[in-house]
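First the structure, in the form of structure tokens, and then the observations on it.
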Amino acid sequence: MANTIEFTNIWKRFKRGERATSLRDLIPKIFRKLSNNHKEQDNTFWALKDVSFEVKKGEALGIIGPNGAGKSTVLKILSRVMKPSRGSIKINGRLSALIEVSAGFHPDLTGRENIYLNGSIMNMSRKEINKKFDAIVEFSGLEEFLDTPVKRYSSGMFARLGFSVAAHIDPEVLLVDEVLSVGDMVFQAKCADRIRQLKNSGTTIIFVSHNLIAVQNICSRAILLMNGKIEKAGSPDEVISLYHDYVFTQQEERLRNKLLNATNIDKSKRDHLVEIKDVVLCDGNGSIKRQFNSNEDISVRIYYSAKTSIRRPIFSLGVVRADGVNCFSSDTRLNGAVVEAIEGEGVIEAHFSRLNLGHGIYSLNISVWDEHMLAPYAVRRVDTFRIKTDKTLLNNPDIFIPDVIWNNVEADS
Amino acid sequence: MLEMIKELIKYRELLWNLAIRDIRVRYKQTLLGIAWAVFSPLSMMLIFTFVFSKVAIIKNTGDIPYPIFVYCGLLPWTFFASALKLATTSLVANPSLITKIYFPREVFPLSVIISWLVDFFVSLVILFGLMAYFKVSFHWTILLMPLMLFFQILFMIGLGFFLSMGNLFYRDVKYIFEVIIMLWMFATSVVYPIKTDSKILQDILMLNPMTHIINAYRDLLIRGHIPDISTLTLPITIILIIFLSGWFWFHKAEFLFAENI
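Protein chains in written order, with our numbering: chain H, 39 to 451; chain R, 76 to 336.
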């Protein structure tokens, strides 16, 4: 089948900083340029670096990536608002964009007037709008306010009207940029339905979103864009899980930095009678790791050194999820492995046959206490680890994954 | 060229809707509404009539009563000046459309000019009323007036392209233009016939297409004779050059608008 969109080796350069927009700024700038030849530093950056992709007719392509990766620039180039610095694009078919759907509204005009205005901005003919007018109004749910100037609308109503107009174009190629977050839940569901409906009727869709579930549901292929480059292209599952990886790595790093900064402050508590030298995590085979599957064995080894003899110390261990949720804590009192006394260097280990924690980043909270657990000798809060599950795609991960077996129990048995 | 026209035809309804938007918005929440279209040239006429007949020396306007002479000059001039002033800021006033949605950017200055055309026609009706009041006879040459209007609009479109584009890149253009349009009015035969004793100055002043256009309006609407074609060839050439170069330049720079606004 023919490609509807061919986006070939696109480069796009932008200027950083403020451009001279008045003669007052321009004239000195010209003089500066003339006096020190080409000395001005390069104030440009590449927003897209050699990005290529193709979309076949009727396909839905998702573009995901962190802020500033170049997603919007891709859309702007596709919708011809901007020209690429290098490279070529080919689009076959009538294109329309669900981007800034209410950009064309004039606050002083009524809803009715704005429907016609916005429709024509999106290249619909008057006849076409007449035909679809009732459907648009019904979709927006704003029948009562049609003859009210839109400046009196709430921002939700404003956006709903915009989306309703845009959603009723029958494009061959549809660009969607993060518009599903408009309006209330009912309206959002309506929007998603409409996009799915367009997709089923053979519309080629390019879908840019941070809502990974929506990308997974709608798209048949996805691209991960990072720093202006395509990091990965493939099935949505693959691409999204890679993106998840990236997000979690970032999160882990941020968490570790935060923890390191925090411990520097409360280090001077007791005069270091006990010091936690190191903490190491290993799996069931004893190999050291920082990333585990949910069903893997985990051992936490605590290396300590005590300056004097300490009677019946208590080692405690807490696990905190990256967002601050306390998952559990445990200490040596609980399972009877009471340490009579420590002196000098030693190791103590906590073994979990499986942690049953959900996908995410966790930090360890390790302390050594006196026998009544009144005050800690040492506290360590710098270790992090990561749990991966097969179900990596949920935006809001489960905190706990129990072993569940579902059975179909007959009523009479 | 053909493609540029084709694209505009494709978006003609947008052009129309934007023009209607401009008109609606201009007179919404005003008490007098479209009557303001008449009020401003009419009040200017009264002021100039008073100033030039009672205060300053009366200029020789030939056979036409001075109020008619002034009004017939102010009519195209108000259209020219008001529409161009707004056309200058037409791109800058719509940043969200320019950075987000694609359509030919030409529609912005064009729709402003079209919207002021409505005001022009309303004031034209008043001119006919004034002519009847001052017992100026109507001639068949009135029918040729649209031709002059056509060239005036081409001139305005060309200038509108340059000004709106210039103002997008350098916001000084708006302020410079406000000064220029004031000077320009007095260098044009709006409120008096242009005549100086200096031959060179006269030649320079005659390069101004607006003087020729306004003179032609007076010839066609009031005096009832056809303007001398030989004097019109130079201004019409200037108009065509400005129109075509403005359009081409605008079209070439269009894709830079989104990143420079």
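Just so it is clear, CB atoms sit at the ideal spot from N, CA and C, and this is done for glycine as well.
Among the residues facing chain R, residue 128 of chain H is not included, as its CB has no counterpart in that chain under 7 Å away. With a cutoff of 7 Å on beta-carbon distance, residue 406 of chain H and residue 413 of chain H are scored as not near each other. Within 10 angstroms of the beta-carbon of residue 315 of chain H lie fewer than 16 other beta-carbons, which makes it exposed. For residue 109 of chain H and residue 102 of chain H, the gap between their C-alpha atoms comes out near 7 Å. Counting every other CB atom within 10 Å of its CB across the protein chains shown gives residue 163 of chain R a total of 16 or more, marking it as buried. Interface flag for residue 195 of chain H against chain R is unset, since no Cβ pair is found closer than 7 Å. Annotation: the continuous beta strand (DSSP E) that includes residue 365 of chain H extends over 364-369.
Between the beta-carbon of residue 223 of chain R and that of residue 158 of chain R there is about 16 Å, and that puts the pair past the 8 Å contact cut.
A check of alpha carbon separations from residue 99 of chain R across R:307, R:177, R:190 identifies R:190 as the nearest. Between residue 116 of chain R and residue 150 of chain R, the gap from beta carbon to beta carbon is short of 7 Å. Contact check for residue 317 of chain H against residue 326 of chain H fails: the beta carbons are separated by 7 Å or more. Residue 333 of chain R belongs to the set of residues whose beta carbon lies under 7 Å from a beta carbon in chain H. At least one beta carbon of chain R lies nearer than 7 Å to the beta carbon of residue 119 of chain H. For residue 174 of chain R, the residues of chain H that pass the 7 Å Cβ criterion are 119, in the order they occur in the chain. For the alpha helix (DSSP H) assignment, the uninterrupted runs of no fewer than 4 residues enclosed by the segment 145-181 of chain R are, from N- to C-terminal side, 170-175. For residue 285 of chain H, the secondary structure class from DSSP, reduced to helix, strand or coil, is helix. Approximately 5 Å separates the beta-carbon atoms of residue 131 of chain H and residue 211 of chain H; this is inside 8 Å, confirming the contact. The beta strand (DSSP E) runs of length 3 or more contained entirely in the segment 114-181 of chain H are, from start to end of the chain, 124-129, 133-136. For residue 398 of chain H, the pairing in a beta bridge is given by DSSP as H:425. Residue 318 of chain R sits away from residue 241 of chain R, with the two beta carbons spaced by 7 Å or more. Cβ contact annotation for residue 49 of chain H (same chain, cutoff 7 Å, sequence separation greater than five): 84, 86, 87, 88, 122, 123, 124, 125, in chain order. Put simply, the CB of residue 101 of chain R is far from chain H, with every gap to its CB atoms at 7 Å or more.
Per DSSP, the beta-bridge partners of residue 353 of chain H are H:406. In the displayed model, residue 197 of chain H falls within a helix according to three-state DSSP. At least 7 Å separates the beta-carbon of residue 229 of chain H from that of residue 98 of chain H. Around the Cβ of residue 266 of chain H, a 10 Å sphere holds 16 or more other Cβ atoms; the residue is buried.
Linking residue 136 of chain H to residue 204 of chain H through their CA atoms gives a straight-line distance of about 6 Å. The criterion of a C-beta distance shorter than 7 Å is not satisfied by residue 244 of chain H and residue 263 of chain H. 7 Å or more divides the Cβ of residue 179 of chain R from the Cβ of residue 239 of chain R. Residue state for residue 104 of chain R is assigned as coil, using DSSP reduced to three classes. Boundaries of the beta strand (DSSP E) around residue 84 of chain H: 82-94. Scanning its chain for C-beta atoms nearer than 6 Å, with the 5 sequence neighbours on each side dropped, one finds around residue 396 of chain H the residues 435, 436, 437, 439, in chain order.
Annotated three-state conformation of residue 186 of chain R is helix, per DSSP.
Between residue 51 of chain H and the set H:115, H:62, H:104, the nearest pair of CA atoms involves H:115. For residue 316 of chain H, the uninterrupted beta strand (DSSP E) segment begins and ends at 312-320.
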